[in-house]
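J.:
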Amino acid sequence: MTMIETASPPPASLITGYFKEHDDYAVYRPRGSGSWLITYTLDGLGLYRQPGLQLEARPGDLILLQPDAVHDYSVPTNGYWEFLWAHFQPRVSWLSWWQFPVYGRGLFYVSLASAPMRERLRSTFFKLHTDASDPSTSLPATFHTGSTPVVTTPIAMLQRELTLNGLEEILLLATRESTRQDRHKLDPRIQSLLQLMAEDLKTHYDLETLAKIVSLSPSRLSHLFKQETGNSLINVLIALRLDKAIRLLEFSNDTIAAIAEDVGFSSPFYFSRQFHQRFGQSPSKYRQALERRS
1 MTMIETASPP
11 PASLITGYFK
21 EHDDYAVYRP
31 RGSGSWLITY
41 TLDGLGLYRQ
51 PGLQLEARPG
61 DLILLQPDAV
71 HDYSVPTNGY
81 WEFLWAHFQP
91 RVSWLSWWQF
101 PVYGRGLFYV
111 SLASAPMRER
121 LRSTFFKLHT
131 DASDPSTSLP
141 ATFHTGSTPV
151 VTTPIAMLQR
161 ELTLNGLEEI
171 LLLATRESTR
181 QDRHKLDPRI
191 QSLLQLMAED
201 LKTHYDLETL
211 AKIVSLSPSR
221 LSHLFKQETG
231 NSLINVLIAL
241 RLDKAIRLLE
251 FSNDTIAAIA
261 EDVGFSSPFY
271 FSRQFHQRFG
281 QSPSKYRQAL
291 ERRS
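Going by the UniProt record's numbering, the residue at position 213 of the sequence shown is 213; the numbering climbs one at a time, nothing skipped.
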């Protein structure tokens, strides 16, 4: 049987949903979606499949799929599934504390046992969905970062922070629950590298140098970093640099060349190319749009 591939949302957006589905519902993305996906089951049953395993999502189960993980989930025959979901890109700072039990390849699973915890997560997720659905977060002139839309009106900026705060609370609650279940935290070697890079973005980092700092081989560090954070070291470093660049474009009068140097890009051209790839426009166009709205 040939599976029809399900379309993915834009990878840079924060998109949420609340679904009540029956057995005609199925999602199949063999290459993942380009963003993280989190689902929280309220009622019924969902089935997640990967080669060699099947996971049943029951009420109180929170499941996280990293960007390149296979998406193959559905409602069983004669079944019903009520769940909340969100596609998102995490803030880089979250990687220093979030950790979930690994169940499959790029698939993480936390089951909330207590009724109060389930209700709190349910309430928080619904608030996130309400905030993310507000029209002010999806204005035509909105720009996107690696996390959520970057908007320039005061109300929309506040709305964006609300959505991020809601998502962060969900991930914190799930991480706390998994920690209570005696799960391990982010590998301290990876945490130390994240802190090092965030504090000094101007330095040129390469895999060999960073591997020596934490006494690992380059290949082992590359594998461990992807395993712990769900992304490659270079992608996380670029995200850190672009996050700071956005702030400098918004709150300083520095030239594009000065900003590129300040956040560690080797040239203004490379900075502009990475910026355009992630945000869909050049740094100068982004700044011009900000000035028009000021």
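Note that beta-carbon positions come from the ideal geometry of N, C-alpha and C, so glycine has one too. These figures come from a predicted structure and were not determined experimentally.
Using a Cβ-Cβ cut-off of 7 angstroms (strictly less than) and excluding sequence neighbours within five positions of S284, which residues of its own chain qualify?
T.: Here the set comprises I256.
J.: Does D43 come out as helix, strand or coil in the three-state DSSP assignment?
T.: Strand at D43.
J.: Express the C-alpha separation of A26 and W98 in angstroms, rounding to a whole number.
T.: If I take the Cα positions, the gap works out to 29 angstroms.
J.: Taking K202 as part of the alpha helix (DSSP H), name the residues at either end of that continuous run.
T.: K202 -> no alpha helix (DSSP H), and no H or E assigned at all.
J.: In chain order, which alpha helix (DSSP H) runs of at least 4 residues are fully inside the UniProt domain "HTH araC/xylS-type" (191 to 289)?
T.: Runs of the alpha helix (DSSP H) inside the UniProt domain "HTH araC/xylS-type" (191 to 289): 207 to 213, 218 to 229, 233 to 251, 256 to 262, 268 to 279.
J.: Going along the chain, which residues of its own chain have a beta-carbon closer than 7 angstroms to the beta-carbon of E208, five neighbours each way excluded?
T.: Cβ neighbours of E208 beyond the five flanking positions: P218.
J.: Going by CA-CA distance only, name the one from G230, H276, L233, S123 that's closest to A245.
T.: Cα-wise, what sits closest to A245 is H276.
J.: List the endpoints of the continuous beta strand (DSSP E) containing A132.
T.: Not the beta strand (DSSP E): A132 falls in the alpha helix (DSSP H), residues 115 to 132.
J.: In chain order, what are the residue ranges of uninterrupted beta strand (DSSP E) at least 3 long that sit wholly in the segment 43 to 117?
T.: Counting only runs of 3 or more, we get 46 to 50, 53 to 57, 61 to 65, 71 to 74, 80 to 88, 102 to 104, 107 to 111.
J.: How about the segment 122 to 134 and the segment 64 to 77: do they share at least three Cβ pairs that are nearer than 8 angstroms?
T.: The answer is no - the segment 64 to 77 does not touch the segment 122 to 134, with fewer than three Cβ pairs under 8 angstroms.
J.: As a quick exercise: from A239, L221, A174, pick the residue whose alpha carbon is nearest that of residue 297.
T.: Not covered by the structure: residue 297. The range shown for the chain is 1 to 294.
J.: According to the Cβ coordinates, are H87 and S35 closer than 8 angstroms?
T.: In this structure, S35 lies closer than 8 angstroms to H87 by Cβ.
J.: Given that a residue counts as buried once 16 or more other Cβ atoms are within 10 Å of its Cβ, and exposed if not, what is E56?
T.: Burial call: exposed.
J.: Give the DSSP-derived three-state secondary structure of A26 in the structure shown.
T.: If DSSP states are grouped into helix, strand and coil, A26 belongs with the strands.
J.: For T163, does the three-state DSSP call read helix, strand or coil?
T.: DSSP places T163 in helix when its eight states are reduced to three.
J.: What does the alpha-carbon distance come out to for the pair V150 and L14?
T.: Confidence at V150 is low in this model, with a pLDDT of 44, below 50, so its placement is unreliable and the value that follows should be read with caution. Answer to the nearest angstrom: the Cα atoms are 11 angstroms apart.
J.: What separation, rounded to the nearest whole angstrom, lies between the Cα atoms of S114 and E177?
T.: Each residue's Cα considered, the two are about 10 angstroms apart.
J.: So W94 and T39 are supposed to be a Cβ contact under 8 angstroms. How far apart are they, rounded?
T.: With 8 angstroms as the limit, W94 and T39 do not qualify as a contact, their Cβ atoms being about 18 angstroms apart.
J.: Measure the alpha-carbon distance for T281 versus S272 and round it to whole angstroms.
T.: The question names Thr, but residue 281 is Gln in the sequence shown. Approximately 9 angstroms between the Cα atoms of the pair.
J.: Can you tell me the Cα-Cα spacing of G264 and V236, whole angstroms?
T.: If I take the Cα positions, the gap works out to 13 angstroms.
J.: Going by CA-CA distance only, name the one from Y109, D131, R49 that's closest to T41.
T.: Looking at the Cα atoms, Y109 is the closest of the given residues.
J.: Considering only C-alpha positions, which residue in the set E169, S33, H22, A211 is nearest to A7?
T.: Measuring from the Cα of A7, the nearest candidate turns out to be S33.
J.: Quick check: the Cα distance between Y103 and L164, rounded to an integer number of angstroms?
T.: Going by the C-alpha atoms only, they are around 26 angstroms apart.
J.: Round the Cβ separation of V70 and Q50 to the nearest angstrom and send it over; I've been treating them as touching at under 8 angstroms.
T.: So it is a contact: roughly 6 angstroms between Cβ atoms.
J.: Would you mind stating whether G60 and D23 have Cβ atoms separated by less than 8 angstroms?
T.: No, Cβ-Cβ distance for G60 and D23 is not below 8 angstroms.
J.: Taking the C-alpha atoms as reference points, what is the distance between residue 298 and K202?
T.: Residue 298 cannot be examined here, being either before or after the span of the chain that is shown, 1 to 294.
J.: Do E228 and L186 have their C-beta atoms closer together than 8 angstroms?
T.: For E228 and L186, yes; Cβs fall inside 8 angstroms.
J.: Helix, strand or coil: how does DSSP classify E177 here?
T.: E177 falls in the helix class under three-state DSSP.
J.: Using alpha carbons as the reference points, say which of Q191, Q89, Y28 lies closest to S3.
T.: At residue 3 the sequence reads Met, which differs from the Ser that was named. Among Q191, Q89, Y28, the Cα nearest to that of M3 belongs to Y28.
J.: DSSP on E21, reduced to helix/strand/coil?
T.: Correct three-state label for E21: strand.
J.: Taking D131 as the reference, which of R160, S111, R122 has the closest Cα?
T.: Among R160, S111, R122, the Cα nearest to that of D131 is on R160.
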